[in-house]
Structures are given as structure tokens and as C-alpha cells.
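Everything on this sheet refers to the single structure shown next.
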Amino acid sequence: MGVIIELIGELVLEFIVEGSMSKEIPKPLRILCMILMGVVYGGLITFFIIGSINGENKGFRILCGGVALLLIVCLVGIYIRNKKKK
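Residue 39 in our numbering sits at position 59 of the sequence shown, and the numbers go up by one each step.
Structure, rendered in C-alpha cells:
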């Protein structure tokens, strides 16, 4: 059951990321995909930042902070790559 949920989540996230950057998709749908991508990744970043602040174990806090930083860098990279294509 967990594998099915993970597969569906991967497909949805892949569609959101690819849909937000594709010129073949109408602009209103691309904007919706960008908003959804911001909400999903923003929620993950917030979750990991809270984990890095409130975590009891130092290793866990460092791991959460590193993952949050990695997600932020990935989002900025996607944004810059999208701007260079235009």
C-alpha cells in the first residue's frame, strides 16, 4: 500500500514540476502548477526547518537543516533554469 501511495505522489510531483516549465501547457495551468509546486515544496521546507529547530538530537537537527537547505537550493535552481529558457 505504501508503494502505491509513493508512486502516486511521485507522479503528481513530477507532473507539477514538468507542467510548470512546459511551454506546451496553457499559461493558466502552468501558473497553477507553479503555485502547487510552491505549496508542496514550501510545506516540506517548513517541516524540515521546524525539525531542525525543535529536534532533540543534534544529528537529526543537522540533517533536517541540510535537507531544508537542499530543497531551497533546488527550488532556486529550477527557477533560474526556467528564467534562462525564456
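For every residue, glycine included, the Cβ atom is placed at its ideal position computed from N, Cα and C.
Per the C-alpha coordinates, the member of Ile5, Leu(-7) and Glu36 positioned closest to leucine 16 is Leu(-7). Of all C-beta pairs linking the region 6 to 13 to the region 25 to 40, fewer than three are shorter than 8 Å, placing the two stretches out of contact. Secondary structure at serine 2: coil, using DSSP grouped into helix, strand and coil. A buried status is given to serine 0, since no fewer than 16 other beta-carbon atoms sit within 10 Å of its beta-carbon.
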